[in-house]
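Add 140 to a position in the sequence shown, counting from 1, and you land on the number used in our numbering.
The beta carbon of each residue, even a glycine, is placed where N, CA and C say it ideally should be.
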Amino acid sequence: MVTVLRSGPFRIVVFKDDHLPAHVHVFGDGEAKIDISGLAPRLILNTMRKGELRKATELIAEQQVFLLEKWREIHG
141 MVTVLRSGPF RIVVFKDDHL PAHVHVFGDG EAKIDISGLA PRLILNTMRK
191 GELRKATELI AEQQVFLLEK WREIHG
């Protein structure tokens, strides 16, 4: 597990042995798994409260290019 970004209450992680599609795990008051491979982030799994999820999704959208670069560095 590699922490690729921290912002406010969120820790964004890429697991080294994870699978496609490219995605990140966001930890805050719960966890969200968000696909970053498309034009816009897409929610895969969520245990966060609604407000926290909205903030996490906005952060992922803002940082999508950076996060996809990190995913590719980790997964080749």
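- Closest in alpha carbon position to valine 166, among Ala180, Met141, Gly178, Glu209, is Met141.
- In the structure shown, isoleucine 176 falls within a coil segment according to DSSP collapsed to helix, strand and coil.
- Between alanine 201 and glycine 168 a beta carbon distance of about 16 Å is seen, past the 8 Å cut, so the two are scored as non-contacting.
- The secondary-structure analysis by DSSP pairs valine 154 across a beta bridge with Val142.
- Pairing leucine 160 with alanine 172 gives a Cβ-Cβ distance that is not under 8 Å.
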